[in-house]
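Have a look at the structure below before the remarks.
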Amino acid sequence: MSPKKRTSVLPFARVTAMALVALLLVVAGVWASWGTAQHVLLSQGREHGTLTVTGCGDEVCTGRFVPEDPTPPRTDTTIARSVAVEKGGRYAVVVKPGTTEAVRTGWAGGLHAWLPLGGALLLASLVIGGGLRWTRGAYAAGAAGGALLVAAFFAL
């Protein structure tokens, strides 16, 4: 008779915990990105135009918004301050509904909106490679996150 083989629960618990951490990182990246990305991706029916930045504070820049529609321009429109927004710059934007806050459109705006997801994919690749020991999945997640960050850098 052969002795019964004992199986430990620890390897399964480790894999489950690491998979949940990796999933949490990616979901958090999508959640953080979606707040801005939805206005860039689903911009049909929203107010489009050009924003000329006239001044910047610590967190936001304000400027003159000239809509594509035949409505009068506004001077109270704001955009989040980042390295991609500078005083005197002209940007194609879409205005968030019900606010005076603008978001950049086009490739540059879309890639900028998904930056949190790129960082989350890079962090998740460490968990996937180190905790789960799935090297191909780690390389794929890291390459996708890195490509997103590099593309956003060059687009902005």
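The numbering of the sequence shown is the working numbering, which starts it at 48 and goes up by one. Ideal Cβ placement from N, Cα and C applies to all residues, glycine included.
Would you identify the three-state DSSP class for residue i, choosing helix, strand or coil?
i: T99; result: strand
i: R183; result: helix
i: A113; result: This sequence places Val at residue 113; Ala is not what is there. Here V113 sits in strand by DSSP.
i: A131; result: coil
Considering only the alpha carbon of each residue, which of the options lies closest to residue i?
i: G82; options: L164, T182, T63 and D116; result: L164
i: L169; options: G193, G176 and F59; result: G193
i: Q85; options: R137, A149, L67 and T122; result: A149
i: V73; options: L203, T182, A167 and R121; result: A167
i: A131; options: T54, F200, V56 and F59; result: F200
i: K143; options: T101, V77 and T124; result: T124
i: F59; options: A185, G189, R183 and L179; result: L179
i: C108; options: P117, G157 and T147; result: T147
i: S129; options: T54, L162, Q91 and A188; result: L162
By the DSSP assignment, the beta strand (DSSP E) with residue i in it spans what residues?
i: V121; result: Strictly speaking, residue 121 in this sequence is Arg, with Val absent from that position. Counting along the chain, the beta strand (DSSP E) containing R121 begins and ends at R121 to A127.
First and last residue of the alpha helix (DSSP H) that includes residue i?
i: A69; result: L57 to L88
i: P144; result: Note, P144: premise wrong, no alpha helix (DSSP H); not H, not E.
i: G104; result: No alpha helix (DSSP H) contains G104, which DSSP labels as neither H nor E.
i: L169; result: L162 to G177
At least three beta-carbon pairs within less than 8 Å, the region 132-145 to the region 92-108
yes
Three CB pairs or more closer than 8 Å across the region 174-182 and the region 64-71
yes
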